[in-house]
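Using the working numbering, the first residue of the sequence shown is number 167, and each one after it goes up by one. All C-beta atoms in this analysis are idealised placements derived from N, C-alpha and C, irrespective of residue type, glycine included. The structure displayed is predicted, hence computed values, not measured ones.
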Amino acid sequence: MKVVILTALALFVAGCSSPRTSDYLDAGTTVVALAGGAVEANPIFGIADNNPVGTGVAVLAAKTVGRTVVDQVVPEDQREQAHHTIDSFSVGAACNNVGVIAGISNPVAVGLVCGLAYYVAKSPARSAQNS
167 MKVVILTALA LFVAGCSSPR TSDYLDAGTT VVALAGGAVE ANPIFGIADN NPVGTGVAVL
227 AAKTVGRTVV DQVVPEDQRE QAHHTIDSFS VGAACNNVGV IAGISNPVAV GLVCGLAYYV
287 AKSPARSAQN S
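Below is the structure:
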């Protein structure tokens, strides 16, 4: 049944916005961490039962749906900032995953610092000021 749900989810997102590099980074590091024996902490992705590929697909699907909602609901002048915020969460999650893979004692802190640093360094508002 779970395979059917994941397949339906993959078909659903086929017509959605495209994932960005940060989304692939999060999904890829999630797959590697789970393949190495880690356990997915996000209950939303529990549908995949810690199957590395299933969880990676679920992560990409969730990000893709989120980006589609941004593209359809958020006013056009605010979309870049909204996508940047999703990028920041994805980078933070990927850094957390790398911390888990590396076996550091507090990967969540690493993820928070990476996500925040990315948010500040790559901010669309900051880029506009530097132009």
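For residue i, name the three-state secondary structure that DSSP assigns.
i: D215; result: coil
i: K288; result: coil
i: V205; result: coil
i: P273; result: helix
i: S184; result: coil
If I follow the unbroken alpha helix (DSSP H) through residue i, where does it start and stop?
i: E242; result: E242 to A268
Under 8 angstroms, do residue i and residue j count as touching if we go by C-beta distance?
i: V231; j: V197; result: no
Select from the options the residue whose C-alpha is nearest the C-alpha of residue i.
i: T251; options: N263, V205 and S289; result: S289
i: A259; options: V240, A283, S184 and I213; result: A283
i: A201; options: V236, A214, P185 and P241; result: A214
i: V266; options: S188, A204 and G222; result: A204
i: G228; options: F255, V240, L278 and D243; result: First, the residue type needs correcting, since residue 228 is Ala and not Gly in the sequence shown. That would be F255, whose Cα lies nearest to the Cα of A228.
i: A207; options: V223, L191, D253 and V274; result: V274
i: V115; options: V240, C280 and P241; result: Past the boundaries of the shown model lies residue 115; the chain is included only from 167 to 297, so the question cannot be answered.
i: A199; options: N262, F211 and V286; result: N262
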